[in-house]
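Colleague:
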Amino acid sequence: MSLVLGAATGCADGAPGPGAPSPGDAASARPVGSAPWPDGLAAYVDQSRLERQGREVFVRLVDSTDHELTALRAEVGSERFATTTWTGEKTFLNEADLPVALPLARCGTGSDATVRLTYRVDGGPPVESTTTAEDRYGAVGLFLDRDCAAQRLADAADLEVGEPRVVGRGRGSVLELDVTLRPTGAAHPATVFRGFEDTVLFRQAEGSTSVGSGVRVRLAPGPPEQVRLRLVPSRCDPHALAEDKVGTLVGVRVGGPGLPAAASFYLPLPDATRAALRGFFATHCGL
Numbered sequence: 001m002s003l004v005l006g007a008a009t010g011c012a013d014g015a016p017g018p019g020a021p022s023p024g025d026a027a028s029a030r031p032v033g034s035a036p037w038p039d040g041l042a043a044y045v046d047q048s049r050l051e052r053q054g055r056e057v058f059v060r061l062v063d064s065t066d067h068e069l070t071a072l073r074a075e076v077g078s079e080r081f082a083t084t085t086w087t088g089e090k091t092f093l094n095e096a097d098l099p100v101a102l103p104l105a106r107c108g109t110g111s112d113a114t115v116r117l118t119y120r121v122d123g124g125p126p127v128e129s130t131t132t133a134e135d136r137y138g139a140v141g142l143f144l145d146r147d148c149a150a151q152r153l154a155d156a157a158d159l160e161v162g163e164p165r166v167v168g169r170g171r172g173s174v175l176e177l178d179v180t181l182r183p184t185g186a187a188h189p190a191t192v193f194r195g196f197e198d199t200v201l202f203r204q205a206e207g208s209t210s211v212g213s214g215v216r217v218r219l220a221p222g223p224p225e226q227v228r229l230r231l232v233p234s235r236c237d238p239h240a241l242a243e244d245k246v247g248t249l250v251g252v253r254v255g256g257p258g259l260p261a262a263a264s265f266y267l268p269l270p271d272a273t274r275a276a277l278r279g280f281f282a283t284h285c286g287l
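full-length UniProt numbering applies: residue 1 is where the sequence shown begins, and numbers increase by one.
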């Protein structure tokens, strides 16, 4: 790792912000200055599958040297979301994750983030460096696009989700959910609802307003539009249900100027409806 702490350029001023790792000893936690990003240290942004229903992402630091690093503060931001901050004191060799709550994102392109990191090397004084954290698996990009799609549809229409109901019995049963879109008249007239997506637990049944049906509901000023989600289990595997984390996250595809071709967000479902979906999986499959 290449670090020249004696050649730091530009001293930090002011006390650390709220949540600094050592409130009783602010001076010791204050960066002595800035330095080039150290050789051998890589930074990435990502989101765990377990967090898809929330807003937590993380900065992963991967160090290929034998130095002991202590992360003290990470400021994470980009052109698509406001800066969010992690503070703490995490000492590590090789790898560490720094979780942050992602602010509401804007539409746009690109998903890498800028990270300004305050840290110590081998117990030395705090120093500050900045780098670009790569979204190497694209998970954060999908998150940003979900925010964009959700905001675009919310501008165009109020979305109301009805109560789930089961039609039929046994392996012939289908879970139905009616969704009403009430145009607000305030959005770009080209905003379009383009159907529901499958999940890892459920596929679209015949008659569902799915992406595969080719539906295009233009959300221009006018009367409410009602669309219907019809689901059946994608396979009757008890392990799939027992191990599921994202199977009730139903994508809502949205089209319009500036949106990626596959932009979607998760249909907002209350916990009771998610429980009904899991219960239907079990009864449909006879588990």
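Even for Gly, the Cβ is constructed at its ideal location relative to N, Cα and C.
I'd like to know if the region 127 to 142 and the region 158 to 171 are in contact, where contact means that at least 3 CB-CB pairs between them fall below 8 angstroms.
Modeller: Touching, no.
Colleague: Between R218, R230, L104, D112, which has its C-alpha nearest V174's C-alpha?
Modeller: With distances taken between Cα atoms, V174 lies closest to R230.
Colleague: Let me see if you follow: with CB-CB separation under 8 angstroms, is S208 close to chain D or not?
Modeller: In the structure shown, chain D does not exist; there is a single protein chain.
Colleague: Determine the closest residue to G33 out of G124, A242, S264, A149, with distance taken between C-alpha atoms.
Modeller: With distances taken between Cα atoms, G33 lies closest to G124.
Colleague: Where does R216 sit, in a helix, a strand or coil, going by DSSP?
Modeller: The answer is coil: DSSP assigns R216 none of H, G, I, E or B.
Colleague: Between the alpha carbons of R116 and A263, how many angstroms are there, rounded?
Modeller: Computed Cα separation, rounded: 30 angstroms.
Colleague: Is it buried or exposed for Q47, if we count other Cβ within 10 angstroms and need 16 for buried?
Modeller: Q47 is buried by the Cβ-count criterion.
Colleague: For the region 33 to 42 and the region 75 to 87, state whether three or more C-beta atom pairs, one from each stretch, are separated by less than 8 angstroms.
Modeller: Cβ pair count under 8 angstroms is below three, so no.
Colleague: Comparing alpha-carbon positions, which option in E89, T70, A113, L69 lies nearest V57?
Modeller: Ranking E89, T70, A113, L69 by Cα distance to V57 puts A113 first.
Colleague: Specify, as a first and last residue, the run of the beta strand (DSSP E) that G54 falls within.
Modeller: Here G54 belongs to no beta strand (DSSP E), and DSSP marks it neither H nor E.
Colleague: Just confirm the distance between the C-beta atoms of A105 and C148, as a whole number of angstroms; I'd bet it's less than 8 angstroms.
Modeller: That belief holds up - the Cβ atoms of A105 and C148 are roughly 7 angstroms apart, short of 8 angstroms.
Colleague: What do you get for V62, buried or exposed, if any count of 16 or more other CB atoms within 10 angstroms of its CB means buried?
Modeller: So V62 counts as exposed.
Colleague: From this set, A96, V100, E79, R120, which residue's C-alpha is nearest G110's C-alpha?
Modeller: Answer by Cα proximity: E79.
Colleague: Using only the alpha-carbon positions, how far apart do P233 and R274 sit?
Modeller: Cα-Cα distance, rounded: 14 angstroms.
Colleague: Among the candidates A220, L201, V179, whose CA atom is the shortest distance from the CA of S208?
Modeller: For the residues A220, L201, V179, the minimum Cα distance to S208 belongs to V179.
Colleague: Which residue's Cα is closest to the Cα of V211: R253, R49, L249?
Modeller: It is R253 whose Cα lies nearest to the Cα of V211.
Colleague: Counting along the chain, where does the beta strand (DSSP E) carrying L153 start and finish?
Modeller: No beta strand (DSSP E) contains L153, which is instead part of the alpha helix (DSSP H) from 139 to 156.
Colleague: With a floor of 3 residues, list each beta strand (DSSP E) that falls wholly inside the region 193 to 267, ordered by position along the chain.
Modeller: Runs of the beta strand (DSSP E) inside the region 193 to 267: 202 to 204, 225 to 233, 251 to 255, 264 to 266.
Colleague: Give the single residue among V192, T70, H67, R55 whose Cα lies nearest to the Cα of P103.
Modeller: For the residues V192, T70, H67, R55, the minimum Cα distance to P103 belongs to R55.
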